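Chemist: Remember, my numbering sits 493 above the position in the sequence shown when you count from 1.
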Amino acid sequence: MKNQDIKKEALSQMNSLFKETNNNTEKRYLELIQKISKKTNTHIPKEIKRKFCKHCLTIYTSTNSTRRIKNNKIIITCKKCNSIKRIITKK
Ligand SMILES: [Zn+2]
494 MKNQDIKKEA
504 LSQMNSLFKE
514 TNNNTEKRYL
524 ELIQKISKKT
534 NTHIPKEIKR
544 KFCKHCLTIY
554 TSTNSTRRIK
564 NNKIIITCKK
574 CNSIKRIITK
584 K
């Protein structure tokens with residue numbers, strides 16, 4: 494397989510894994526997504542990346558995280574492990 498094909502395949506795998514994630518599987522699936530990303534040297538898509546905490550492998554919800562917007566930055570705080578994620582939003 495060509496390098497590009499591997500990345501394409503990895504992306505679609507990550508997307509479908511994330512779609513199937515639920516309370517029981519989130520930790521395992523998010524771990525898998527990180528593994529695929531590392532193994533294939535593919536970045537986790539932005540839409541997925543900003544939806545979970547990479548430290549404790551939890552999908553952000555309104556109860557386990559806080560989200561603030563400040564100076565074009567989205568600041569997400571994970572209440573579970575207290576990690577902070579900053580996302581710069583481009584105009
Ligand atoms: Zn966390």
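For each residue, glycine too, the CB sits at the ideal point set by N, CA and C. Everything numeric in this text was worked out from a predicted model, so none of it was measured.
1. Closer than 6 Å between the C-beta and any heavy atom of ligand 1: which residues qualify, listed along the chain?
2. Enumerate, from N- to C-terminal direction, the unbroken alpha helix (DSSP H) stretches of 4 or more residues contained entirely within the stretch 505-551.
3. With DSSP run on the structure shown, which of helix, strand or coil describes Lys573?
4. Below 7 Å CB to CB, which residues in the same chain sit around Lys544 once its five sequence neighbours on both sides are set aside?
5. Among all the DSSP beta bridges, which residues are the ones paired with Ile449?
Modeler: With the given structure in hand:
1. Cys546, His548, Cys549, Thr551, Cys571, Lys573, Cys574 and Ser576
2. 519-533 and 539-542
3. coil
4. Ile552 and Tyr553
5. Any question about residue 449 goes unanswered here, given that the chain covers just 494 to 584.
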